[in-house]
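Q: Chains A and B supply the protein sequences, listed in that same order.
Going by my numbering, 78 is the number at position 87 of the first sequence; the sequence numbering is gapless.
Going by my numbering, 1331 is the number at position 136 of the second sequence; the sequence numbering is gapless.
Note that the Cβ used here is the ideal one computed from N, Cα and C, for glycine as well.
Provided herewith is a single structure, encoded as structure tokens, for subsequent inquiry.
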Amino acid sequence: MQPSDARRTPPDFVQPIPTGPYRGLNPTTKLVIAVAEALVAFTVRGWTGPLAVLLVLATTAVAARLGRRLVPFVIATVPLTASILLVNTFLFPGATDVILRIGPFTPTWSGLEAALQATLRVMAFAMSVAVLVLTTRPDELVADLERRGAPRGVTFVIGATVRTIPRVVQRAGEITDAQRARGLDTQGRLWRRVRGVLPLAAPLIFGSLNEVEELTMALEARAFSAAGRRTTLRVFPDGTGQRQLRWAAALLTAALIVLSIAGRLAFLP
Amino acid sequence: MSLILRDATYRYAGVGHPALTDISLEIVPGSVLAVVGANEAGKSTLCLLAAGLAPTTIGGELRGTVEIDGLATIGARPPELAQRCGILFQNAETQLSGTAATVWEEVAFGPRNLSLPLDEVVERTEAALSALGVEELAPRDPGRLSGGQAQLVALAAVLAMRPAYLVLDEPTSQLDPQGTQLVGSALQRLAQESGAGLLVVEHKTDLLASIAEECVVLADGKIVARGSAGDVLADPRLDEWGVEPPSTARIERAARSAGVQEPMLSALATRP
């Protein structure tokens, strides 16, 4: 029996408060840090920006004991970084410092340098996303943003997108199976697979649109468009130190972007 | 106080002919009204109209009136309607918000939208789960439930809004026999204990025979029969209207055509 005057709180399994180094930070603090890291990596030119961000990220990853869980995120960047390396190294506009000649191809030192810097930027971006994703559950972030007054529509889209992806994948699998059962060849050569995607697209898109209509009605039936801030189930830890950290990260990032655009960071290697 | 449709004619946006014509119904708190009819008879449209989603949310044109406890649904804000009349659709998957990590949070989704104090959100959520006997599902991922469980969670999510009326649009149509039994017995409990007025659209007339007091038959968007559930569901014209009679009526008919005499027939009819 619960005493009648006791405040009723959600059960412990609802949005448990994360603990541990870095993971225990407020979700919004981790989001601000991740955005700041990505922006600095892309806006501070030369080697300094991406290398400084990668150093911060490596320290964070060690503190949060992320280890091998970062590997898939690195692998995901390979197609992009490989194309960046090839295009820049071999086709860098205006470069004359040729490394060697391979038939009609002439890789250049300037191109290689630009390619490596761009690769580091992409890696820094991927790692900033990885550290955020691996240390913060989407529902934690959504709940904290809601508490801070983020519009319902925005937080719903974030939360629903993350949770809908597996369902769309499952639905695509079901439609593929149905198409195969009717004789469509969705395996084998690349061209056959491409042809197999076309009959899959229409039912997937129209089915999803139909579901969106039903979901909209179901949401309205649960007062989704009511005015006011949604009730917060849990309050994640936050304090003066974290607030200062967020402001510092935001201001430092803004300053670096302005200085970089103004050409005042040209002295950095 | 009741949910009333008076001479309601509804036309979907961009469609020439009305989906429903001259519908008049009344659902009082604590009663269960069953609606049966063939596919395309207008049953789902009736649900949307009764819950106020048509035309408020989906558009279209309504002539006549629909009132929920005196509030005309035309011009009412959806959150106001949501607290007066809940609606449960056929497909449980599309009714779940898709944003909750646990069943508990899914059920709390509606009360949280109303900005209720946390105490009340917790109280409503736990009461709704308990009313349907699904407290043990609370920590589960809503995306990993069976069809019957997901439909019960969707129903609990509607109950947590504490509506005076519930509109259920074929709540068991996508469920296997086990899921149907699960939801069917929950509806029976709701009908007996919650005091809410229920409008239930179903093809499974056995289920309706066990929970409804009144029944209407829809055909081509019009009411073609109405009366006590016992009388309407025993009407020999049900087949003409595209409605499968309850199993007791089918057995009785088969027995009659096989020459079974009256005392035996009465005994069959009174068998559950």
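1) When DSSP builds the beta bridges, which residues end up paired with B/THR1204?
2) Quick one: is A/MET114 near chain B, going by C-beta distance under 7 Å?
3) Between A/ALA265 and chain B, is any beta-carbon pair separated by less than 7 Å?
4) For B/PHE1284, which residues in the same chain have their Cβ closer than 6 Å to its Cβ, ignoring the five residues on either side in sequence?
5) Apart from the five residues just before and just after B/ALA1333, which ones in its own chain have a Cβ nearer than 7 Å to its Cβ?
6) At the level of alpha carbons, what is the spacing between B/PRO1467 and A/PHE147?
7) Less than 6 Å between C-beta atoms, sequence neighbours within five positions excluded: which residues of the same chain meet that for B/VAL1419?
8) Looking at the strands, I want to know which residues DSSP matches up with A/THR99.
9) Would you mind listing the alpha helix (DSSP H) stretches within the segment 48 to 79 of chain A that are 4+ residues and don't spill past its ends, in chain order?
10) In whole angstroms, what separates the C-alpha of A/VAL65 from that of B/ALA1326?
11) So with Cβ pairs under 7 Å, would you call B/GLN1290 a contact of chain A?
12) Report yes or no: is there a C-beta of chain B within less than 7 Å of the C-beta of A/MET118?
13) Tell me which residue opens and which closes the beta strand (DSSP E) that B/GLY1343 is part of.
14) Does DSSP put B/LYS1417 in a helix, a strand or coil?
15) Please state if the CB of B/LEU1403 and the CB of B/ALA1245 are separated by a distance shorter than 7 Å.
16) For B/SER1442 and B/ARG1319, I'd like the C-alpha separation in whole angstroms.
17) Classify B/ARG1307 as buried or exposed, calling it buried when 16 or more other Cβ atoms lie within 10 Å of its own Cβ.
18) Using 8 Å as the cut-off, can you tell me whether the segment 220 to 240 of chain A makes contact with the segment 21 to 38 of chain A, which would need three or more C-beta pairs spanning the two stretches below that distance?
19) Would you say A/VAL145 reaches chain B, if we count a Cβ-Cβ gap shorter than 7 Å as a contact?
20) Can you tell which of B/PRO1440, B/GLU1235, B/ILE1199 has its C-alpha closest to the C-alpha of B/LEU1220?
21) Going by other Cβ atoms of all chains shown within 10 Å of its Cβ, with 16 needed for buried, is A/MET118 buried or exposed?
22) What did DSSP end up calling A/ILE261 once you bin it into helix, strand or coil?
23) Comparing alpha-carbon positions, which option in B/GLU1409, B/ILE1218, B/ILE1263, B/LEU1354 lies nearest B/ALA1424?
24) Residues in the same chain with beta-carbon distance under 7 Å from A/TYR13, minus the five sequence neighbours each way, listed in chain order, please.
25) So, are the CB atoms of A/LEU247 and A/VAL5 less than 7 Å apart?
26) B/GLU1330 to A/PRO2, Cα distance in whole Å?
27) What is the DSSP secondary structure of B/GLY1532, reduced to helix, strand or coil?
28) Quick check on the burial criterion: 16 or more other C-beta atoms within 10 angstroms. Buried or exposed for B/GLN1373?
29) Would B/MET1459 be called buried (16 or more neighbouring beta carbons within 10 Å of its own) or exposed?
30) Quick one: grab the DSSP three-state call for B/GLY1374.
31) Going by DSSP, what residue range makes up the beta strand (DSSP E) through B/VAL1231?
32) Decide yes or no for the touch test of the segment 40 to 47 of chain A against the segment 1348 to 1366 of chain B: beta carbon pairs closer than 8 Å, at least 3 of them.
33) Among A/ALA209, A/GLU211, A/LEU30, A/VAL133, which has the Cα closest to the Cα of A/ARG225?
34) For the alpha helix (DSSP H) that B/GLY1270 lies in, which residues bound it at each end?
35) Checking 7 Å against the spacing of the C-beta atoms, do B/PRO1366 and B/VAL1378 come in under that value?
36) Note down, in chain order, every chain B residue with its Cβ under 7 Å from the Cβ of A/GLY150.
A: The relevant details are as follows:
1) The partner list for B/THR1204 (beta bridge, DSSP) reads B/ARG1258.
2) A/MET114 does not count as touching chain B.
3) What is shown of chain A runs -8 to 260, which leaves residue 265 of chain A out entirely.
4) Cβ neighbours of B/PHE1284 beyond the five flanking positions: GLN1290, ASP1364.
5) Around B/ALA1333: THR1297, VAL1298, TRP1299, LEU1324.
6) Only weak support exists for where B/PRO1467 lies, its pLDDT of 48 falling under 50; the coordinates are left without a value.
7) Closer than 6 Å at the Cβ level, and outside the excluded window around B/VAL1419, lie VAL1412.
8) DSSP, once it has assigned bridges, lists A/VAL89 as partnering A/THR99.
9) Secondary structure in the segment 48 to 79 of chain A: no alpha helix (DSSP H) run of 4 residues or longer lies completely within the stretch.
10) The alpha-carbon of A/VAL65 is positioned some 49 Å away from that of B/ALA1326.
11) The beta carbon of B/GLN1290 falls within 7 Å of a beta carbon belonging to chain A, placing the residue at that interface.
12) False, the Cβ-Cβ gap to chain B never drops below 7 Å.
13) Looking at the DSSP string, B/GLY1343 is not in any beta strand (DSSP E); the run it does join, the alpha helix (DSSP H), is 1342 to 1354.
14) For B/LYS1417, the three-state secondary structure derived from DSSP is strand.
15) With respect to the 7 Å criterion, B/ALA1245 and B/LEU1403 are not classified as neighbours on the basis of their beta carbons.
16) Between B/SER1442 and B/ARG1319, the C-alpha separation is close to 38 Å.
17) B/ARG1307 counts as buried, since at least 16 other C-beta atoms from the protein chains shown sit within 10 angstroms of its C-beta.
18) Flag = yes, the segment 220 to 240 of chain A and the segment 21 to 38 of chain A touch.
19) When Cβ-Cβ separations below 7 Å define contact, A/VAL145 makes no contact with chain B.
20) Taking only the C-alpha atoms, the option nearest B/LEU1220 is B/ILE1199.
21) Flag for A/MET118 reads buried.
22) A question about residue 261 of chain A goes unanswered here, because the residues of chain A that appear run from -8 up to 260.
23) Ranking B/GLU1409, B/ILE1218, B/ILE1263, B/LEU1354 by Cα distance to B/ALA1424 puts B/GLU1409 first.
24) THR51, ALA54, ALA55, THR126.
25) In this structure, A/VAL5 does not lie closer than 7 Å to A/LEU247 by Cβ.
26) If I take the Cα positions, the gap works out to 12 Å.
27) Residue 1532 of chain B cannot be examined here, being either before or after the span of chain B that is shown, 1196 to 1467.
28) So B/GLN1373 ends up on the exposed side.
29) Answer is exposed; the Cβ neighbour count stays below 16.
30) Three-state result, B/GLY1374: helix.
31) Counting along the chain, the beta strand (DSSP E) containing B/VAL1231 begins and ends at 1227 to 1232.
32) Output reads no: the segment 1348 to 1366 of chain B does not touch the segment 40 to 47 of chain A.
33) For A/ARG225, the nearest C-alpha among the options comes from A/VAL133.
34) Element bounds for B/GLY1270: n/a, residue is neither H nor E.
35) Going by C-beta atoms, B/PRO1366 is nearer than 7 Å to B/VAL1378.
36) Neighbours of A/GLY150 on chain B, chain order: THR1294.
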